[in-house]
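One structure is given here, and the rest of the page talks about it.
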Amino acid sequence: MSKLTAVVATSLTLTLAGTAAAAPRTTADGILIRDEQSCGTRQEPHPGAVEITPFISGPRTVYLNRNGGMYNVINGATSSATNSASTVAAGDGRTHANAVIPALESTFDWPKIVACVKDQYKPYNVTITEVEPVGGMYIEAVIGGTGSSTGWSASSGILGVASADNFCGVTERGIAFVFATNHRGIQRADDELCATIAHEVGHLLALEHEVAPKDTMSYTPIASSVTKAFLDQNAQCGTMPNQPQQCSCQTTAAGMTNSGSRLRQFLGLRSTETVPPTLEVKSPGEGTELPPVFTISAKATDNELVADVTAYLDGVAVGSDTTGEADMYSLSVTGAAEGAHTLEVKATDAAGNVTARSMPITIALSATGDTCAVNAECHGNLCATATGGNFCTETCDMANDACPDGFACDAVGGQTICVPHDDGTCSASGGNHSGWLILMLSVGAVLVRGRGKSSRAIRSRAPRAPHR
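If you use the numbering used here, the sequence shown corresponds to residues -7 to 460, in order.
Laid out in structure tokens, this is it:
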């Protein structure tokens, strides 16, 4: 949001159906704190309003972040890449360094909410993803908490606010804060949360508030409007039918706005072709046993354009690639839980057509002595490296050595771990153990140089029967 749009009208009372009206509450500097179904994105009518900066129509990416994170609300530009939001998103107008937004509560139906947001933007040239893009420009909607961490009163009932650097155009790296906790207890809470996400993202895509109850940019709760969409019709700017106001940005004739028209202007329409993409999962194979950290390799093509290839583990998005290299896409998965899972890979084209492939896989931690790349792969959560390569290890007790064959408990850098030994004996003083140089990957520094012989073998991981 630009500095020109940092002032808010001072008369608005809005409550949900069936609740008692409350007097408007304001902060010390007069900024209105709206009640339920409230959007904190402030706008100011401008006489003879015009677009401040020309923007090019084209595809955008929106990242839906339900995991929370740390954000800096600062005096400066908004950047989803660095988790920095301008102070227009702050309830008190002040800076809030290291504001922590908690993860979305499990009481909400996240898959339903994601599908709903995608449906809201389905006609337009926008990609909705649950995996944070590695690079490029993208808009982020972080969903969780009450907003108190960014200066909003805990009793305000604020549902969302957009940190827009230019209200009349696309904020290419904008951040929308959607305060999910304040949606609990609202009628049709999942639908209302979807509407708030779409509403706040809409501000980052150059949309103003509208008075039409069924428009997503209206304050009217979905329990009253029944449905919400970006309507392709002219409407007065404002928040409710009885609360119109002058539009801030370039408008239609008669000083109105049109959310559908503006999305076409700034995004363009999604292609309407119906040919789905092709998809071949190169690896892993069906029934494969994998560590918690692994990579998926897939080949995807389309007659027009592949928008993204995304991996899901038991229905939860765990990795995505929106660029690829030629027709090949690589998706990194981390932190997968042990046990049997269903891995699904989906290729989506620019028109929204989807091709999916699914397979059973098993996630298993590696035993001590197995080769590894990172700590998370190992049963003991320790991956070390020696002159012969990386291997899993574990902590142990010198007085009760329970290390597997070929390993013995030894002191390494202030802790005792299982290290390779020729005869399996345990010797804290450096007896008959192989010469080795151990680097604990979790620390990133050499901890100890062993003495004695110079040869040692690291076991390769023995193949296990797949779980089905």
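Quick reminder that beta carbons are idealized off the backbone N, C-alpha and C, glycines included.
Evaluate contact between the region 137 to 150 and the region 212 to 221, counting only Cβ atoms and requiring at least three cross-stretch pairs below 8 Å.
no
Kindly indicate which residue of 327, 268, 236 has the alpha-carbon position closest to the one of residue 343.
268
Stretch-stretch touch, CB-based, cutoff 8 Å, three pairs: the region 335 to 349 with the region 284 to 302
yes
How is residue 256 classed by DSSP in three states: helix, strand or coil?
helix
Let's see if you can read the secondary structure: which residues bound the alpha helix (DSSP H) around residue 318?
Segment: none, residue 318 is in no alpha helix (DSSP H) and carries neither H nor E.
Option in 102, 67, 311 with minimal Cα separation from residue 181
102
Enumerate in chain order the residues of its own chain whose CB-to-CB distance from residue 59 is below 6 Å, with the five nearest sequence positions on each side excluded.
95
Residue 211 to residue 165, Cα distance in whole Å?
25 Å
Using 10 angstroms around the beta-carbon of residue 362, count the other beta-carbons present and answer buried if the total reaches 16, otherwise exposed.
buried
Please state the DSSP three-state secondary structure of residue 92.
strand
Of the listed residues 272, 196, 353, 109, nearest to residue 305 (C-alpha basis):
353
Thinking C-alpha only, which one of 391, 406, 386, 405 is nearest residue 399?
386
Sequence ranges, beta strand (DSSP E) only - wholly within the region 370 to 397, length at least 3
374 to 378, 381 to 385
Three-way DSSP call (helix, strand, coil) for residue 216 in this model
helix
When DSSP labels each residue in this structure, what does residue 20 get in the three-state scheme?
Note on residue 20: pLDDT 45, under 50, position unreliable in the model; no value is reported.
I need the straight-line Cα distance from residue 395 to residue 334, nearest angstrom please.
34 Å
Can you tell which of 252, 358, 259, 189 has the C-alpha that lies nearest to the C-alpha of residue 56?
189
Three-state class that DSSP yields for residue 122 in the structure shown
coil
Mapping the DSSP letters down to three states, classify residue 265 as helix, strand or coil.
coil
Would you mind reading off the limits of the alpha helix (DSSP H) that contains residue 152?
Residue 152 -> not in any alpha helix (DSSP H); beta strand (DSSP E) instead, spanning 150 to 155.
I think residue 153 touches residue 81, with their Cβ atoms under 8 Å apart; what is that distance to the nearest whole Å?
5 Å
Span separating the alpha-carbon of residue 367 from that of residue 378:
15 Å
Cα-Cα separation between residue 461 and residue 405, rounded to whole angstroms:
Nothing can be reported for residue 461, as the shown portion of the chain is limited to -7 through 460.
Please confirm whether residue 300 and residue 314 have their CB atoms less than 7 Å apart.
yes
Considering only the alpha carbon of each residue, which of 330, 290, 239 lies closest to residue 324?
290
Rounded straight-line distance, which links the Cα of residue 357 to that of residue 202
54 Å
How many Å lie between residue 416 and residue 369 at the Cα?
Caution is warranted here: a pLDDT of 40 is assigned to residue 416, below 50, making its placement in the model unreliable, and the coordinate value is therefore given only provisionally. Answer to the nearest angstrom: the Cα atoms are 24 Å apart.
Using a beta-carbon distance below 7 Å, is residue 158 in contact with chain B?
No chain B is part of this structure, which consists of one protein chain only.
If you follow the alpha helix (DSSP H) that residue 191 is part of, which residue opens it and which one closes it?
181 to 196
In terms of residue numbering, what span does the beta strand (DSSP E) encompassing residue 308 cover?
308 to 313
Is DSSP giving residue 111 helix, strand or coil here?
helix
Three-state class that DSSP yields for residue 57 in the structure shown:
strand
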